[in-house]
Structures are given as C-alpha cells and as structure tokens.
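Peer 1: Quick note: the sequence shown uses the working numbering, first residue 9, plus one each step.
Before I ask anything, let me first share the structure, which is written out below as structure tokens.
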Amino acid sequence: MKTLLDEDELQAGVTQLATEITAAYGDRPLTIVGVLTGSVVLLADLIRLLDMPLRVGVLQASSYRSGTTRGQLTINSEMMLNVAERDVLVIDDIFDTGHTLVEVVAKLQDLSPNSVKTAVLLRKHGRQEVEFAPDFVAFDIPNEFVVGYGLDYADQYRNLRYLAVMEPEDLASHCP
9 MKTLLDEDEL
19 QAGVTQLATE
29 ITAAYGDRPL
39 TIVGVLTGSV
49 VLLADLIRLL
59 DMPLRVGVLQ
69 ASSYRSGTTR
79 GQLTINSEMM
89 LNVAERDVLV
99 IDDIFDTGHT
109 LVEVVAKLQD
119 LSPNSVKTAV
129 LLRKHGRQEV
139 EFAPDFVAFD
149 IPNEFVVGYG
159 LDYADQYRNL
169 RYLAVMEPED
179 LASHCP
C-alpha cells in the first residue's frame with residue numbers, strides 16, 4: 009500500500025470541512041446523519057470541531073460486499089433520528105459513483121426535513137454515474153481504491169490513521 013494522505017493532511021482537511029460547515033450553518037441547530045460504517049472516523053472527528061447545537065444519528069447504507077465492485081445498495085435507517093422540519097447534514101466517507109448519497113438524500117427528503125446537504129471526506133474522480141454533487145468535500149482524489157480513516161477492504165484497514173491506496177498486489181493477497 010502507498011500513502012495517499014497522511015494523518016496531518018487528513019486532520020487539516022477535516023478542520024477545513026468543519027470551517028465550511030460552520031460558515032454555512034452559523035449557530036443554527038443541525039441534525040447530522042452519518043452513513044455507516046465508513047464515515048464513523050470522520051463523523052467522530054468532525055462533530056468535535058462543530059460549535060453549534062447538534063443532534064447526531066446514523067444510518068447504514070452499504071453497496072460493497074467484500075471487494076472493490078459495487079453491489080446492490082441497502083439502507084437501514086432504524087437508528088436514525090427524526091429529521092422532520094430540521095436542517096440535516098449527511099456525512100459520508102467517499103463520493104464514488106454517487107448512488108449511495110443520491111439514495112440516502114432521497115430517503116431523507118421523504119421525511120420532510122427543512123433542508124438536506126451532504127459532506128464527504130473524499131470525492132473520487134472518474135467514477136461518478138449520477139447528476140449530484142456533495143455540498144462539502146474535504147479532498148478530491150484519483151480513481152484508485154483507498155483504505156484507512158474508516159474506509160475498508162474486506163472489513164480490514166478502517167483503523168489506519170492515514171489514507172492508503174491499495175496496490176494490485178495488495179488486492180491479490182486477499183484472494184482465497
């Protein structure tokens with residue numbers, strides 16, 4: 009694996025993201041909805057930098073089964089807060105094809121919030137398949153498979169403090 013963003017670069021990006029979110033919302037109450045499981049590290053770091061009234065909930069959206077290819081998207085919102093008549097900010101780890109955020113936003117909009125915006129740690133170029141743009145983006149990255157800082161490959165590497173690119177030999181070493 010090769011390092012794409014080190015720990016200091018990631019923290020600087022999250023701090024900038026928090027600054028932009030704070031500028032957009034001011035001191036208005038905000039309901040944050042983290043998309044599990046990939047956003048958990050970003051979510052924990054980000055909410056500690058936001059100086060406004062917050063409610064924090066999560067939902068689970070998954071489309072990667074155990075590899076690098078996209079499976080069918082499933083959304084489980086049983087743990088999500090009531091978002092009716094609230095400003096909602098969806099936090100996700102990566103904007104890849106865009107399908108996950110589009111479907112999550114659509115599900116939330118059905119619940120009558122005042123507004124729904126999105127923030128992502130990473131926006132991957134060359135993979136987008138939908139007409140949608142995240143409202144807040146910490147980093148633009150090339151079209152490579154990345155792990156660390158919450159992102160995984162086969163349920164591994166989420167705990168890395170940095171973001172790494174999985175090389176072909178790294179991927180091959182996980183094959184049975």
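Cβ coordinates follow ideal geometry from the N, Cα and C atoms, glycine included.
1. Report all residues from its chain with a CB closer than 7 angstroms to the CB of Leu119; omit the five preceding and five following residues, and keep chain order.
2. Helix, strand or coil, according to DSSP, for Ala162 in the structure here?
3. Would you mind working out which of Pro37, Leu51, Gly46 and Lys10 sits nearest Val22, comparing C-alpha positions?
4. Entirely within the segment 137-162 and at least 3 residues each: give me those beta strand (DSSP E) ranges in chain order.
5. Select from Asp101, Ile55 and Asn122 the residue whose C-alpha is nearest the C-alpha of Gly46.
6. Below 8 angstroms on the Cβ atoms is my contact criterion, and I expect Val98 with Leu109 to pass it. Report the Cβ-Cβ distance as a whole number of Å.
7. Mind checking whether Ile29 and Leu54 have CB atoms under 9 angstroms apart?
8. Which residues in the same chain as Pro184 place their Cβ atom closer than 6 angstroms to its Cβ, once the five residues preceding and following it in sequence are excluded?
9. If you drop the 5 nearest sequence neighbours on each side, which residues of the same chain put their C-beta closer than 8 angstroms to that of Ala172?
10. Could you pull the start and end residues of the beta strand (DSSP E) that Leu116 belongs to?
11. Which value, in whole angstroms, describes the spacing of the CA atoms of Glu177 and Ala141?
12. Does the Cβ-Cβ distance between Val96 and Val124 come in under 9 angstroms?
13. Leaving aside the five residues before and after Leu116 along the sequence, list all residues of the same chain whose C-beta is less than 8 angstroms from its C-beta, in chain order.
Peer 2: Working from what's here:
1. Val91 and Ala92
2. Correct three-state label for Ala162: coil.
3. Leu51
4. 144-149
5. The alpha carbon of Gly46 has as its nearest neighbour, out of Asp101, Ile55 and Asn122, the alpha carbon of Asp101.
6. 7 angstroms
7. In this structure, Ile29 lies near Leu54, with their beta-carbon atoms less than 9 angstroms apart.
8. Reliability fails at Pro184, whose pLDDT of 47 lies under 50, so the model's placement of it is uncertain and no value is given.
9. Met9, Lys10, Thr11, Leu12, Val154, Val155, Gly156 and Tyr165
10. Where Leu116 is concerned, there is no enclosing beta strand (DSSP E), although the alpha helix (DSSP H) it sits in stretches over His107 to Gln117.
11. 32 angstroms
12. With contacts defined as CB atoms closer than 9 angstroms, Val96 and Val124 qualify as a contacting pair.
13. Excluding positions up to five away in sequence, the list reads Val41, Val91, Val96, Val98 and Val124.
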